[in-house]
DNA sequence: CTATTAAACGATAATAATTATCGTTTGTCA
DNA sequence: TGACAAACGATAATTATTATCGTTTAATAG
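Chains as they are written, first to last, in the working numbering: chain A, 1 to 144; chain B, 145 to 288.
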């Protein structure tokens with residue numbers, strides 16, 4: 001990692017109130033060099049090549065800390081467990097980033113102009129599932 | 145459940161090649177009368193009021209069968225486990241419903257006109273996360 | 001530069017959600 | 001109505017994640 005990147009890492013740790021540990025730095029570097037949507041196990045495997053004694057729990061803890069402090073994001077803001085969609089009407093989801101609640105909004109009430117068919121890259125678009133991230137009415141009140 | 149609804153249930157079972165069992169019918173009825181995004185445990189609790197001997201495993205199996213046969217949907221098509229978002233650019237996700245792969249597409253390449261601010265209902269929209277559901281190029285080839 | 005102390009670490013036990021197994025029961029259909 | 005596959009219930013097993021706790025390390029005051 002370049003001196004510039006090390007500085008960047010130390011600054012983000014300071015901003016988040018975290019100690020700049022060796023493990024944390026390697027996890028950060030590894031993430032920076034990965035692509036897509038790695039799982040904790042995948043990150044762990046990569047970090048292990050540089051720190052064989054690293055613990056999986058340390059990887060989990062640091063991933064959560066990076067996510068909490070906004071250094072990285074989580075792919076999904078949905079419940080991590082199975083949920084059944086009861087509403088059969090075309091609709092999207094209002095996801096409150098504060099209380100994690102998810103409610104429905106009719107597709108037409110949201111009124112996004114979506115296009116189906118082939119996208120550049122060859123992906124065939126058949127349906128759009130939109131998560132509107134923000135604050136529900138209740139959490140806005142509490143934030144006052 | 146009305147005679148009409150019983151008929152509907154038996155027809156969907158036949159279409160899906162499933163036996164019309166008592167447990168399956170009650171799970172179906174319960175789902176029809178729920179709202180939002182119930183968890184398997186919540187469904188189980190409701191079904192248990194009518195069939196005290198029901199097994200949680202039976203609820204899980206039937207939820208999956210209903211989802212596979214398209215009778216109900218799953219709320220989230222994401223990985224059920226933690227994934228880190230590496231891409232810091234505004235982007236959305238192409239979710240292949242066949243192989244479950246998720247890839248990124250730049251927000252501007254997708255070009256959805258999104259509006260921030262208050263929605264009817266009071267929800268404050270801050271960010272849009274779009275899942276484009278469909279078939280990736282590879283799975284389209286295989287489907288030929 | 002060293003002592004103090006909170007933060008972080010590693011190992012691993014515990015938990016939660018889900019799935020697999022398997023012997024018994026039930027729906028389907030001849 | 002009998003045969004057989006499908007489904008059921010009980011529960012063991014698995015997977016992902018989190019909690020615990022004794023040890024190590026980074027931050028920082030002197």
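Here a beta-carbon is modelled for each residue, glycine too, at the ideal position from N, C-alpha and C.
Considering only residues of the same chain and omitting the five flanking positions on each side of residue i, which have a CB-CB separation below 6 Å?
i	result
residue 139(A)	96, 98 and 99
residue 75(A)	37
residue 69(A)	16
residue 156(B)	215
residue 20(A)	10 and 13
Just to confirm, are residue i and residue j a CB contact at a threshold of 9 Å?
i	j	result
residue 276(B)	residue 249(B)	yes
residue 207(B)	residue 150(B)	no
residue 125(A)	residue 257(B)	no
residue 271(B)	residue 134(A)	yes
residue 238(B)	residue 280(B)	yes
Can you tell which of the options has the C-alpha that lies nearest to the C-alpha of residue i?
i	options	result
residue 59(A)	23(A), 109(A) and 124(A)	23(A)
residue 90(B)	141(A), 82(A) and 33(A)	This structure leaves residue 90(B) out entirely; chain B is present only between 145 and 288.
residue 67(A)	79(A), 8(A) and 31(A)	31(A)
residue 267(B)	115(A), 102(A) and 129(A)	102(A)
residue 162(B)	196(B), 177(B), 215(B) and 190(B)	215(B)
residue 25(A)	77(A), 80(A) and 50(A)	50(A)
residue 235(B)	2(A), 80(A), 130(A) and 14(A)	130(A)
residue 184(B)	143(A), 2(A), 79(A) and 136(A)	79(A)
I'd like the span of the alpha helix (DSSP H) that includes residue i, first residue to last.
i	result
residue 86(A)	Element bounds for residue 86(A): n/a, residue is neither H nor E.
residue 3(A)	3 to 16
residue 104(A)	Note, residue 104(A): premise wrong, no alpha helix (DSSP H); beta strand (DSSP E) at 102 to 106.
residue 206(B)	200 to 212
residue 175(B)	166 to 176
residue 43(A)	40 to 50
Over the uninterrupted beta strand (DSSP E) stretch that includes residue i, give me the two end residues.
i	result
residue 91(A)	91 to 96
residue 275(B)	268 to 279
Near residue i, which residues of its chain fall below 7 Å by C-beta distance, leaving aside the five closest residues on each side in sequence?
i	result
residue 233(B)	250
residue 55(A)	none
residue 3(A)	none
If I measure Cβ to Cβ from residue i and keep anything under 8 Å in the same chain, skipping five residues before and after, which residues do I get?
i	result
residue 231(B)	248
residue 8(A)	none
residue 34(A)	42, 43 and 46
residue 259(B)	269
residue 143(A)	98 and 135
residue 192(B)	198
Exercise. Count the C-beta pairs between the stretch 104 to 120 of chain A and the stretch 250 to 267 of chain B that are closer than 8 Å, then say yes if the count reaches three, no if not.
Key: Because the criterion of three Cβ pairs below 8 Å is met, the stretch 104 to 120 of chain A and the stretch 250 to 267 of chain B touch.
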